[in-house]
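In the numbering used here, the protein residues as written are 1119 to 1290.
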């Protein structure tokens, strides 16, 4: 079971990290939905891991809680891999994600007509956000929490579906 969790979790983490890096290299704008779609694609390995364990180790039948724990393990490994790969990417490329992100928000709000004290307040909030993100003790858990809740949701759905042996039944 641990091998299934590690294998599928690392595959998910790599898919997600590569997808996110591709959106940086080939910008799609700051589109949150693209990021979460990439996470869902990568976290589809949760379903594959639970199904694999159900079919190979348990003869095609699994209860909800064991399925949930396997999925949670995959989501945890995928989330940790995502955080690690993101940190390596930031260090290797010196990518200033928060500069780009806050600059995009400020430019968008200015184009929408925000000015004066309201703009100054937003600029101060963005400066604080950049300062907080520069601290790894803030950045690491923040990055982890981008993906882990999605993994928990995928795990809940996958465990609920795969506890039914007629859902994607084992072959042969």
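All C-beta atoms, glycine included, are put in the ideal place defined by N, C-alpha and C. None of these values were measured; they are calculated from a predicted model.
The C-beta separation of residue 1196 from residue 1269 comes to about 6 Å, placing the pair in contact by the 8 Å criterion. The three-state reading of DSSP puts residue 1149 in coil, since its state is none of H, G, I, E or B.
Take the alpha-carbon of residue 1120 and the one of residue 1164: they are about 13 Å apart. In this structure, residue 1171 lies away from residue 1125, with their beta-carbon atoms at least 8 Å apart.
Assignment of residue 1144 by DSSP, reduced to helix, strand and coil, places it in the coil class.
The three-state reading of DSSP puts residue 1256 in helix, counting H, G and I together. Scanning the region 1167-1218 from its first residue to its last, the whole alpha helix (DSSP H) runs of 4-plus residues come out as 1182-1211.
Here residue 1161 has 1130, 1193, 1196, 1268, 1269, 1272 as same chain residues with Cβ atoms under 7 Å from its own Cβ, once five neighbours each way along the sequence are excluded. Between the alpha carbons of residue 1256 and residue 1250 lies a distance of about 6 Å. The residues 1224, in chain order, have a CB closer than 8 Å to that of residue 1241 in the same chain once the five nearest residues on each side in sequence are set aside. Taken through DSSP and simplified to helix, strand or coil, residue 1231 comes out as coil.
With a cut-off of 8 Å on Cβ pairs, the region 1175-1188 is in contact with the region 1271-1288, counting three or more such pairs. By the neighbour-count criterion, in which a residue is buried when 16 or more other Cβ atoms sit within 10 angstroms of its Cβ, residue 1157 is buried. In the three-state DSSP reduction, residue 1236 falls in the helix class (H, G or I).
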